[in-house]
Structure formats: C-alpha cells, structure tokens
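Residue numbers (our numbering), protein chains in the order written: chain A, 45 to 280; chain B, 45 to 280.
Built from N, CA and C at the ideal position, the CB exists for glycine as well.
So the structure is just underneath, and the comments pick up after that.
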DNA sequence: CCCACAATGTGCAAAAATTCACAATTAACC
DNA sequence: GGTTAATTGTGAATTTTTGCACATTGTGGG
C-alpha cells in the first residue's frame, strides 16, 4: 500500500486527493465515471434531430437521478439554460473537454489472445480517439503475425524501445493472470503513464502510474450474489 | 426510471434496499465487489503453503485498507481468529458461500464477434462454475458454426426455447450497441434472470431482472481524465 | 500461570456522496 | 407585458461508506 492508493471506482494511483481538486471544489470520484456514461446517449442524440435535452431525460437514459446529473455537471460549470435544458452538441463537447476525450491518445496492447485481439480490433476505441500503435506478445508463434487492424505483433522485448519511440501513453494488459505483474513492470519501466488491466489480479505499479483493473468475473459475482439473494428472499 | 434503480457500482435492478438487508445490518454496495476481489489472492494462496493470512496482508494484495477488509468480512460473520488471522481455505470457502459462487450457474452469450468469442472461450469463467450452455448470433453466416468450446452457434430466434429448456439463468450481451436493447428484450422475454451487458449503452430491463453494464471505454475515459489532470497540475 | 504480542471485531466519528427543496431564470402564450 | 410552466443550479439535510481507536481474544514462551 505504500505506493498505491485505491480509488473506490477501481482506478488507483498516487495522492489522489490532489487530482480531484478543481478550484476549491472536490469532485466525487463516481462523477467522472458518470460523465463518461452521459456522453453515450448524447453521441447518439447528436446525430438525430433533438437539439436540447433535460436533466430528467438524460438521467432516464443513463439510469441515474436527475439531480445527480445536474450536480455532476455543475461541478464543472453552467452548461444548461434554466427553463430549457442542455444543448446536446454543446454538452457533449463540454463533457469531452472535461474527460480529455477531445484529444487523441496512444495505446499499446500486451497479450494477443482472444481477448487482446477483440480489444485491439474494437471499433469503439479508435472511433473515440484511442489509437493502438503497437501490439505485443511473448509467444514466438504469434510474433510477426499481422492483425486485421494493420498492426504487426512485436516481441515483448521490444516494448521499452517502441513505447518510447512512438510516445505510447497507455498500456492495456490482456495476458493470463500469471504474466500480468511481469508485464506491468515491463510497461512501467518503459515509461508508460497508465495501465488498463484485464487480467484478474490486482497489479501493483510504482508512484505516478495509474492503473484501472477491469475484472469480468467480479461483475459476474456481483450478479450472482444479488440473484441468489433474490431467490432466497422469495421476492420473485 | 420507473422500473430500474441504479446501484452505484453499476449493477441495477429493482427495490435494491430490500436485497441488501441481512438480518438488520445494511451491507454497503461496494462490499460485495470487494469480497469478489479478496477471493483472487486467496485462490492463489490456497495452493501454496500459507495457511493463515492477516487483514493487513490481504488488504495489501487487494489495494484496500485493513479495517476495510475486517469490516467487510464482519458484515457476514466472524471468520478470523483474534491474534492469528484468517484461515485461507476457510475464508475462501466462506466468501464463496456469501457470493453464491460455491454453486454452478448457467449462462448464454449473444453476439459471437471477437469479444463474444473471447468471453465464451475464456477459461476463467468455466473454472469458477459459470457454464455457457448456448451461444447466439443473428448473422446467418455464423449460425451453425461450432466454437472451440464445443458450442454450436444458434440463431437468435431459438433463444426463448433454449433458455427455457436449458434453464439458463444469466445472459451475456456482446453485440454491437445498436442491437443491445433488442437482444435485452429477447432475453428478458425468454425469462432470463440477469444480464451482463458489454455493449456501450445502458440497456433497460423490466422489474425483477438484474443488469450489470461493463463498458471498457468508460474505464479508459476514467484513466485519461486522471492522466490529463496530472500533466495539467504538473505533478510529474 | 502470567505476560507480552499479535490480530480480529466493532462502536463511534469522520468523510464522501446523494438527495431534497427551492430560488433563479428562461420561454411561451395570451 | 404579465403570468404560467418548465428546468437549471445549489446550499442544506440526509444517507452511505470509510477510517479510527481500542477492547477483546488467542498464542507462545518463560
């Protein structure tokens, strides 16, 4: 725990408190995650005819309450018009600015199994400005193979060199759990700034590196806990 | 919002308050998610020599504080021995009992693209008692194809019939976002009890069905928000 | 048997996050 | 131009979650 502080939502890093200060207001950690969720329906609506949206409607679409929406947005400014609502295009632009998704980011992926492949080929990433610049795997049988997205699989030993040459900022780990910590060390040694880890272990990083752990089985266990709970209570 | 209540961690369902009551104590929502995380290192340790583990050590391995670990466990009973710690095997067994992962669950998956394929082939699921009994896709080119795991891809129109015949409890959605709501309706109409949705939209379900939405891009946006925040503050 | 040490379990305090209620503002209509 | 309806922005109250401090209990050694 010396070099790592867990942020409730799952992201972890160093000296979190400082990062969450904007002017003098503290931004609740879950707010950031919700902002990302708000942007999904806004993207959809931004194509269609609707020009404005109320906090009530946006809340419905995202499964939260409307005061929550208003409060979340109010942390960062006054984006709406009283009596009217929020302009869809403008709000989307503001949220993107807040989240820093109005700029391009450079990624690499480590571990080109089924999952790694699915992630690197995923349209949603590229569409949102996340650019995979390199793919790594330690399996000699995979190295040299070219993926549909155009990337050629590199051996893990080239990691440091490529990350620095291509200015890669974020690393995604999609290896088996056993390799995840080793890969994390390789990535951080190469100067990566943040890691999105899909291996079902909690990887440790040195000061100044961000980690977010995504664990599918945790989500499933959440579900089955509540499922069993329901049948036990005989509510349904 | 009429038929759906969002639980902070991302899981949503109906009348949540009731489910979280055990005897008279309210269980914090994040506690369940952490219990799942605690079980990972316990599984690893359960093979090796260590027989007991302290809350301090377990907390380190999971990136939380030690009072947090103790408090989380104390909601469900007294599993440790004062002055000693927790017996690894026993604690794992207790957590599995709490989470209902000591039993088998039946799943199906809808959408056999890269991601769907990666999920259904994933060892971690089967290893933990999550059994995929059916795979669906609406693409006629995919229907009839047999996956490495042995399942044959079924057309979506067979969904209701198969879910009922095989007593499938949980559905996983790995379709493009546009199809996700339609698939959700199909699943709930077929009597599914819970849905794990990987499409980047918030799907709506009728009363009595659980949903957990997993959105990779939300995790990434979380990261880039904090990353930009760091460089702006000039901390590194 | 007693004492020192280690580690859990827990009531209470603190912090964090959400919800409420309403003042403020705008648009639309007559 | 005034009145009504709609909707935001926000301080205060409430609820939820976490952290602290310590009493409690078990272990091992002399």
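Chain B contact for residue i (CB, 8 angstroms cutoff)
i	result
residue 261 of chain A	yes
residue 162 of chain A	yes
residue 280 of chain A	Interpretation of residue 280 of chain A is limited by its pLDDT of 44, a score under 50 that renders its predicted location unreliable; the figure taken from the coordinates is listed afterwards. So yes, residue 280 of chain A belongs to the interface.
residue 86 of chain A	no
residue 178 of chain A	no
residue 237 of chain A	yes
residue 80 of chain A	yes
residue 214 of chain A	yes
residue 269 of chain A	yes
residue 198 of chain A	no
residue 249 of chain A	no
residue 272 of chain A	yes
residue 207 of chain A	no
residue 254 of chain A	yes
residue 217 of chain A	no
Continuous alpha helix (DSSP H) stretch holding residue i: start and end
i	result
residue 159 of chain A	158-165
residue 207 of chain A	203-209
residue 247 of chain B	Segment: none, residue 247 of chain B is in no alpha helix (DSSP H) and carries neither H nor E.
Where the beta strand (DSSP E) through residue i begins and ends
i	result
residue 257 of chain B	254-257
residue 181 of chain A	174-181
residue 235 of chain B	Residue 235 of chain B -> no beta strand (DSSP E), and no H or E assigned at all.
residue 129 of chain A	129-131
Three-state class that DSSP yields for residue i in the structure shown
i	result
residue 197 of chain B	strand
residue 52 of chain A	Note on residue 52 of chain A: pLDDT 37, under 50, position unreliable in the model; the coordinate value appears next. Residue state, collapsed to three classes: coil.
residue 153 of chain B	strand
residue 95 of chain B	coil
residue 109 of chain A	coil
residue 71 of chain A	coil
residue 40 of chain A	Nothing about residue 40 of chain A can be read from this structure; chain A reaches only from 45 to 280.
residue 228 of chain A	helix
residue 119 of chain A	coil
residue 145 of chain A	coil
residue 190 of chain B	strand
residue 125 of chain B	strand
residue 185 of chain A	coil
residue 220 of chain B	coil
Per-residue burial, residue i [other beta carbons within 10 Å of its own, 16 or more giving buried]
i	result
residue 196 of chain B	exposed
residue 183 of chain A	exposed
residue 208 of chain A	exposed
residue 233 of chain B	exposed
residue 263 of chain A	buried
residue 83 of chain B	buried
residue 259 of chain B	buried
residue 148 of chain B	exposed
residue 200 of chain B	buried
residue 215 of chain B	buried
residue 67 of chain A	In this prediction, residue 67 of chain A has a pLDDT of 44, which is less than 50 and means its spatial position is unreliable; nothing more can be read from the coordinates.
residue 116 of chain A	buried
residue 205 of chain A	exposed
residue 125 of chain B	exposed
residue 39 of chain A	Shown here, chain A extends from 45 to 280; a query on residue 39 of chain A therefore has no answer.
residue 194 of chain A	exposed
residue 176 of chain A	buried
residue 128 of chain B	exposed
residue 188 of chain B	exposed
residue 99 of chain B	buried
residue 265 of chain A	buried
Residue-chain proximity (residue i, chain A), Cβ-Cβ < 8 angstroms
i	result
residue 145 of chain B	yes
residue 128 of chain B	no
residue 148 of chain B	no
residue 174 of chain B	yes
residue 246 of chain B	yes
residue 323 of chain B	Residue 323 of chain B is absent from the model: chain B starts at 45 and stops at 280.
residue 229 of chain B	no
residue 264 of chain B	yes
residue 138 of chain B	no
residue 67 of chain B	Because the pLDDT at residue 67 of chain B is just 43, under 50, the model does not fix this residue reliably, and the point stays unresolved.
residue 159 of chain B	yes
residue 258 of chain B	yes
residue 240 of chain B	yes
residue 168 of chain B	yes
What are the residues in the stretch 99-115 of chain A lying within 8 angstroms of chain B by C-beta distance? Residues are counted here when their Cβ sits less than 8 angstroms from a Cβ of chain B; for the stretch 99-115 of chain A these are 103, 104, 105, 106, 107, 108, 109, given in chain order.
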